Amino acid sequence: MMEFKTSEGRIEIDAVRNGSSFTYEGMTIHTGNELWLEIDGRKHKAVATKVGDIWWVHVNGHTMQFELIEPGASSADDEGGLTAPMPGKILEVHVALGQKVSAGDVLMVMEAMKMEHKIVAGSEGIVESIHFAEGDQVPQGAELLTLGE
Amino acid sequence: MLKRTLVANRGEIACRILRACREADIEGVAIYAANDSGTLFTELADMAIQLDGEGLAETYLNQEQILQIAIDNGCDSIHPGFGFLSERADFAQAVMDSGLIWVGPSPDAITKMGDKMTARITMKEAGVPVIPGEEVSGGFEEVLEIAPSVGYPLLLKATAGGGGKGMRAVHKQEDLESEAKAAMREALNAFGDDRIYVERLLGGSRHIEIQVLADKYGRTIHLGERECSIQRRHQKVFEESPSVALDVELREAMGEAACDAARAVDYEGAGTVEFLVTPKGEFFFLEMNTRIQVEHPVTEMVTGVDLVREQLRIAGGEPMSCGPLNMRGHAIEVRLYAEDPSNNFLPAIGELKKFIAPTGPGVRLDTGVREGDSVTPDYDPMLAKLIVWAPSREEALQRMGRALDDFVVLGCTTNVRFLRELCTNPDVVDGWTTTDMIDRLWPDGWSPNIGAQIGNAGLLIAAACESTNHGRILTSSGVESAIPSPFITINRRFP
């Protein structure tokens, strides 16, 4: 039994192992130096590599990511935070501490890759903290501000 | 004949030019910023010189430093590629003033075409049709004044610009003020000039451009069109030649207009005249790009002309080598970007842990990256251009689809799947490509259509790989390491 996180949520998988082959939902993957997926007698080359905790998988022209969840890890997700989609610079801060905002409001404008991006409130809330000021450089994934209920 | 050419660029286009130099028996000199050390283009050069400084302004845009390197290393010419200094008339002038050859048109031609207003006037005088619009230099208040006379929807773009920067579409008056401010600020940041141009946005139009070539012996020819309508955020992602929208008469009319445009500024070398073509078959001059263009391979595939080689030949004072043209088959180029198409095409970064490019007949890859390279936010997120040629458009789309299925990029999010789905999209297959098609087809954003079976297959593969430590072996000390190269083991066996 193994658990992964995808963009759709958490999924568990229980594949049947037979030597270096694994079967699940009528499909078989043959592992070794090369990966071959077998579906209904047709084989498909697959390529996979692990970056950090994430398995990147390419098969049939699709690229997918599966983040391994270590057994016993908590399921706390970082909800409520608004993060920088890219490394860049904060150009404008449109809100003040304690301000009430509605879903869709522009909270900040940042510049990344020479393009401007708006940081937009995903839901209604009150600005609890603002972590950066105009002109600040921010790394990717940095929490820019926090909205509370 | 050129003897030693400095390539004032990086990445994919530097590779393209350096290979052409090698083929033409011209020594190629690469320049690179410290963070480009060890990348592919530096290896394709006969000499690679590191630039001092950090950031674009101190490196690839540093005219003085680049010119000094060219002089110090005995170069007789500079090829600017595209982007960076390629459309800087002052740099072209400085290069010529130092007694070196500028691989491109004269500074005068760059100036006339580089300023949208001057280009418009020059084109009007030359009898080339232009779109209704006006320039604004007096701040956003003036934009508010002019907008009603131009009409909605309208397009704001940097007068000095290009590449989608400082470009904004405005559909209703309420949005005008904020969009105009943003456009002016982007223009100022990107080009140091906040003048913007307001013009009518011609919806449902196609972006079709004509490649021209002109030498010092009075010959100016066109090499047919490229259709570049499929764009996201005003940047092209899918380009093809020929265009389904052009018949022989329209092609000749636009080709002649493009040659007139080039002649009007005494153009020399390779250039591209961009037109907007309305559903009624009217065409309007958009701009002329006074340099080699990203999508030039499409034209090379259907005409058989090596455009970069012709640039070098023309700059060296020789006549162009191509005779009467015979366009054959169909070519398509897609631009592979490090970006997330399911998240508004936001640029992505990461390490290219796997980068396996497709091969096979009629498949060409122009890239500056290879497996193991890091994609950083320092430069443009374009990773590669994949170009295919086939006898017909239908076969070219099928070949592109197959090639994109084979393209493996792991470790960094890319638009490969988005491009793959374009190849079978009914509008693309039928040739209904317009500049607004991505917004029209996916108004709420695009997301990949992964079937349940492939999703399960992916999950199975991830689980099997995790169970078997795929791609990794445990050494006797218990430390993980990559599979050793066979060459290392051979070396061990035969010391």
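Just so you know, the protein sequences line up as chains D and V, in that order.
So the first sequence is numbered by this note's numbering: it starts at 2 and just counts up by one.
So the second sequence is numbered by this note's numbering: it starts at 1139 and just counts up by one.
All residues carry an ideal CB built from backbone N, CA and C; glycine is no exception.
Keep in mind it's a predicted model, so treat the numbers as computed, not measured.
Of all residues in the region 1589-1605 of chain V, the ones placed with a Cβ closer than 8 angstroms to any Cβ belonging to chain D are GLN1591, ILE1592, GLY1593, ASN1594, ALA1595, GLY1596, LEU1597, LEU1598, ILE1599, ALA1600, ALA1601, ALA1602, CYS1603, GLU1604, SER1605, in chain order.
At least 8 angstroms separates the CB of GLN100/D from every CB of chain V. DSSP places CYS1366/V in the strand class (E or B) of the three-state scheme. For PRO1496/V, there are no neighbours in chain D by C-beta distance under 9 angstroms, as the nearest C-beta there is about 11 angstroms away. Taking the CA atoms as reference points, GLY89/D sits about 7 angstroms from MET111/D. Under the three-state reduction of DSSP output, PRO1485/V falls in the strand class. Annotation for GLN66/D: the continuous beta strand (DSSP E) segment containing it runs 63-69. According to DSSP, residue pairing for ILE30/D in a beta bridge involves PHE23/D, LEU38/D. Considering only GLY33/D, MET109/D, VAL52/D, the residue with the shortest C-alpha distance to GLU68/D is VAL52/D. For GLY1271/V, the CB contacts under 7 angstroms within the same chain, skipping 5 residues up- and downstream, are VAL1288, TYR1335, VAL1336, GLU1337, ARG1338 in chain order. Per DSSP, GLN1231/V is one residue of the alpha helix (DSSP H) stretching across 1227-1235.
Chain-ordered, the chain D residues with CB closer than 8 angstroms to the CB of PRO1586/V read HIS63. For THR1514/V, DSSP records no beta bridge to any residue. Taking a beta-carbon distance threshold of 8 angstroms, VAL1566/V does not count as an interface residue toward chain D. Residue environment: MET1520/V is assigned as buried (16 or more neighbouring CB atoms within 10 Å of its CB, all protein chains considered).
Leaving aside the five residues that flank ILE1151/V on each side, the residues in its chain whose CB is nearer than 7 angstroms to its CB run, in chain order, GLY1219, PHE1220.
Beta-bridge partners assigned by DSSP to ARG1371/V: none are found. Taking 8 angstroms as the cut-off, the Cβ atoms of ILE1216/V and THR1428/V do not count as close.
With a beta-carbon spacing of about 6 angstroms, GLY1362/V and PRO1380/V fall inside the 8 angstroms limit used to define contacts. Closest in C-alpha terms to LEU1293/V, from the list VAL1308/V, LEU1490/V, LYS1303/V, comes VAL1308/V. Excluding its 5 nearest sequence neighbours in each direction, GLN1203/V has C-beta neighbours in its own chain below 7 angstroms: LEU1189, ASP1190, listed in chain order. At a cut-off of 3 residues, the continuous stretches assigned as beta strand (DSSP E) that sit fully inside the region 1193-1269 of chain V are 1215-1217. Contact check between the region 1340-1350 of chain V and the region 1411-1420 of chain V: three or more CB pairs, one atom from each, fall below 8 angstroms, which counts as touching.
At the C-beta level, ALA1399/V and VAL1268/V stay beyond 8 angstroms of one another. GLU1433/V and LYS1492/V do not touch by the CB rule: their CB atoms are close to 26 angstroms apart, not below 8 angstroms. The beta carbon of SER21/D sits closer than 8 angstroms to some beta carbon of chain V. At a cut-off of 3 residues, the continuous stretches assigned as beta strand (DSSP E) that sit fully inside the region 1387-1460 of chain V are 1407-1415, 1421-1427. Of the candidates LEU1524/V, GLY1252/V, CYS1550/V, the residue whose Cα lies closest to the Cα of ALA1296/V is GLY1252/V. Taking all protein chains in view, the Cβ of ILE1259/V is surrounded by fewer than 16 other Cβ atoms within 10 Å, so the residue is classified as exposed.
Looking at the DSSP output, TYR1335/V shares a beta bridge with GLU1273/V, LYS1295/V. GLU35/D has its alpha-carbon roughly 16 angstroms from the corresponding atom of ARG43/D. Contacts between TRP57/D and chain V, judged by CB atoms closer than 8 angstroms, involve LYS1491, LYS1492, LEU1548, GLY1549 in chain order. For ALA1469/V, the CB contacts under 6 angstroms within the same chain, skipping 5 residues up- and downstream, are SER1379, VAL1436, MET1439, VAL1440, TRP1527 in chain order. MET28/D belongs to the set of residues whose beta carbon lies under 8 angstroms from a beta carbon in chain V. Around the Cβ of HIS118/D, a 10 Å sphere holds 16 or more other Cβ atoms; the residue is buried. Between the C-alpha atoms of PRO1529/V and GLU1420/V there is a straight-line separation of about 29 angstroms.
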